[in-house]
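To keep things clear, I will list the structure first and then write my remarks on it.
In the UniProt record's numbering, the protein residues as written are 1 to 265.
Have a look at this one:
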């Protein structure tokens, strides 16, 4: 993970330079950057700001934050600024519907375009992510006739991860994060031209392309993951954090959809 100062304060003070246009190698991905990206949010302004910065770096121009009735003051300030400065679209829900809401609610899902992305905001993209990564994800979707293609979640830095054992509803007993996640690296399907390996593995709400031609909302997790140059980090898994303590406390006090929130000694 990349350490930084207080991203939210920098953003709110107008000194967040990454939100201004810059020159990037985006020729191969020019068309696909028009695919919309939906970011479910709830009382996590640091992650939201960092995710939007990444998406703008990769030339996405249709970014939509779907906020689940945040009540943390800095989150509200971030949402207000995103709207006021027209950085992205913001949809404010009246209650916390959870990160799957737009996909699992039929009347909303039916209005979504044929291709779209959904991502939790707490994902850090690979620095080696190819310029044409959206093209490659779309080609994989067609090749495997699968409706969801996304990034593998890196397990390379286990020593930097939280060392506690966790319980979630899917587990038989407490495990370390990397022990549970290792099962998603078992079934290799092939590789991309750059050598990045493709795995048959479920995806929840971390970054993925959705292709409605093949996607079935009733089989939400059915997906393939791409490793190698596409491998991302799920930042809450790591001891080191850029999230201020006040924000972390507020989020943990009010969230109800986190997978790794029950800790065992």
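Every residue, glycine too, gets a C-beta built ideally from N, C-alpha and C.
Please read all numbers here as calculations on a predicted model, not as lab measurements.
Minimum Cα-Cα distance from residue 125 among the listed residues 101, 112, 104 and 56 corresponds to 56. The criterion of a C-beta distance shorter than 9 Å is not satisfied by residue 40 and residue 109. Going by DSSP, residue 101 is part of the alpha helix (DSSP H) stretching over 101 to 104.
The UniProt domain "Glycosyltransferase 2-like" (37 to 99) contains, as complete beta strand (DSSP E) runs of 3+ residues, the segments 37 to 41, 63 to 67 and 89 to 92 (chain order). Only residues of its own chain outside the window of five on either side were considered, and among them 119, 120, 123, 150, 151, 153, 232 and 234 have a CB closer than 8 Å to the CB of residue 206, listed in chain order. Residue 74 is classed as buried because its beta carbon has at least 16 other beta carbons within 10 Å across all chains shown.
Three or more beta-carbon pairs separated by less than 8 Å link the segment 64 to 71 to the segment 79 to 94, which places the two stretches in contact. Per the DSSP secondary-structure output, residue 233 pairs in a beta bridge with 124. Per DSSP, the continuous alpha helix (DSSP H) segment holding residue 179 begins and ends at 177 to 181. The count of Cβ pairs closer than 8 Å, one atom from the segment 47 to 64 and one from the segment 135 to 144, stays below three, leaving the stretches out of contact.
Relative to the Cα of residue 250, the nearest Cα in the group 45, 7 and 37 belongs to 45. Taking every protein chain shown into account, the CB of residue 227 has 16 or more other CB atoms within 10 angstroms, so this residue is buried.
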